[in-house]
Amino acid sequence: MRRLQLIDATIRSIAKYGIGGTTMSTVTEFAGLSIGIVNFHFKSKQNLLDETLVHLAREHHDHWRKSYDHSGAGAADKLLAIVDAHFHPRICTRRKLAVWYAFYGEVSRRARYRKLADDIDDARFDISAGLVAQIIEEGGYCGLDARSVALTLESLYDGALLNLLMYPGQLTREEAAGQIYTYLAALFPRHFDMPATTRTASPAGDGADVPDPETAR
Numbered sequence: 318m319r320r321l322q323l324i325d326a327t328i329r330s331i332a333k334y335g336i337g338g339t340t341m342s343t344v345t346e347f348a349g350l351s352i353g354i355v356n357f358h359f360k361s362k363q364n365l366l367d368e369t370l371v372h373l374a375r376e377h378h379d380h381w382r383k384s385y386d387h388s389g390a391g392a393a394d395k396l397l398a399i400v401d402a403h404f405h406p407r408i409c410t411r412r413k414l415a416v417w418y419a420f421y422g423e424v425s426r427r428a429r430y431r432k433l434a435d436d437i438d439d440a441r442f443d444i445s446a447g448l449v450a451q452i453i454e455e456g457g458y459c460g461l462d463a464r465s466v467a468l469t470l471e472s473l474y475d476g477a478l479l480n481l482l483m484y485p486g487q488l489t490r491e492e493a494a495g496q497i498y499t500y501l502a503a504l505f506p507r508h509f510d511m512p513a514t515t516r517t518a519s520p521a522g523d524g525a526d527v528p529d530p531e532t533a534r
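Just so you know, the working numbering puts 373 at position 56 of the sequence shown, and the rest follows in order with no gaps.
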């Protein structure tokens, strides 16, 4: 419980101050705990940062995997479950997005952070490519390469999530997911419908499960 409390505080600190501005002191400020507790559980700031990224990667992995496992039996249903998992309100918050992009903006440690996340979530791309291959075969779609489509999906996720972070108020989670639905419907019209264009939900919020006291004021 203490470890999770400190990881949540680290997420809050990175979202507000960035990685460079996050210190043991800022983490303890958000957590309401002593520096001794942080040192006891994590030993160093680097360990705390690594564990925070691993926590976010596992949270995302567990969410898309559960959505995938509980979706319909068809390849299209399972692929949409993976798409939707990226934009779930528990996963897709501006605070968590800020932390993801803060990690990948760290030039000196980018490869390290990428490996930490990929070691947890490297199965998703292969599963997506397999689903796309099945859709191509079922629909008799010509001239499409499953792995290229899966790579494009990964790029669309990254772009949509970055837009949600950078342009609050201009895009909702549903609209971001709808951009990807549109891509899939254009490629595979016998499997996916074009999404409605009506704006029905609010943009990604700053908070995750607990409101941010800084933004709430």
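Note that CB positions come from ideal geometry on N, CA and C, so glycine has one too.
- Let me know the secondary structure DSSP gives T339 once reduced to three states. Reduced to three states, the DSSP call for T339 is coil.
- Query: Using the rule of at least 16 other Cβ atoms within 10 Å of the residue's Cβ for burial, across every protein chain shown, is M341 buried or exposed?
  - Reply: Here M341 is buried, its C-beta having at least 16 other C-beta atoms within 10 Å.
- Message: Assuming contact is defined by CB atoms lying nearer than 7 angstroms, are L370 and L323 in contact in what I supplied?
- Response: L370 places its beta carbon 7 angstroms or farther from that of L323.
- Query: Skipping 5 residues on each side, what residues in its chain have a beta carbon closer than 8 angstroms to that of D394?
  - Reply: Contacts found: S388.
- Message: Report the CB separation of L468 from C409 in whole angstroms; it is logged as a contact under 8 angstroms.
- Response: Here L468 is actually not in contact with C409; their C-beta atoms are around 21 angstroms apart, not less than 8 angstroms.
- Task: May I ask you to report which of helix, strand or coil DSSP gives D325?
- Result: In this structure, DSSP gives D325 a helical state, which the three-state scheme calls helix.
- Item | Span of the alpha helix (DSSP H), counted from its first residue to its last, around S384 | Looking at the DSSP string, the run of the alpha helix (DSSP H) that includes S384 is K362 to D386.
- Task: Pick out whichever of R464, F404, G460 and A502 has its Cα sitting closest to the Cα of G476.
- Result: Out of R464, F404, G460 and A502, F404 has the C-alpha closest to the C-alpha of G476.
- The alpha helix (DSSP H) spanning F509 covers which residue range? Following the DSSP letters along the chain, one finds F509 in no alpha helix (DSSP H), marked with neither H nor E.
- Taking only the alpha-carbon atoms, compute the straight-line gap between I444 and L321 and give it to the nearest angstrom. Roughly 30 angstroms separates the two Cα atoms.
- Pick from R319, R329 and I336: whose alpha carbon is nearest that of R427? When C-alpha distances from R427 are compared across R319, R329 and I336, the shortest belongs to I336.
- Message: Shorter than 6 angstroms, the distance from the beta carbon of K383 to the closest heavy atom of the ligand MN, or not?
- Response: This structure lacks the ligand MN, and indeed carries no ligand of any kind.
- Query: If we call anything under 7 angstroms between Cβ atoms a contact, is I453 one with H508?
  - Reply: In this structure, I453 sits away from H508, with a CB-CB distance that is not shorter than 7 angstroms.
- Item | Simplified DSSP assignment, three categories, for A390 | In this structure, DSSP gives A390 a state outside helix and strand, which the three-state scheme calls coil.
- Query: Does DSSP put T469 in a helix, in a strand, or in coil?
  - Reply: Helix, per DSSP.
- Message: Going by DSSP in three states, I408 sits in which element: helix, strand or coil?
- Response: The answer is coil: DSSP assigns I408 none of H, G, I, E or B.
- Item | Of the residues K333, R431, G486 and F505, the one placed nearest A463, counting alpha carbons only | The residue with the shortest Cα to Cα distance from A463 is F505.
- Task: Run the CB neighbour count on K360, radius 10 Å, all protein chains shown included, and call it buried at 16 or more, exposed below.
- Result: Per the 10 Å Cβ criterion, exposed.
- Query: Is it the case that the Cβ atoms of D438 and A374 are separated by a distance below 7 angstroms?
  - Reply: Going by C-beta atoms, D438 is nearer than 7 angstroms to A374.
- Going straight from the alpha carbon of S351 to that of T345, what length do you get? Straight-line spacing of the CA atoms in S351 and T345 works out to 6 angstroms.
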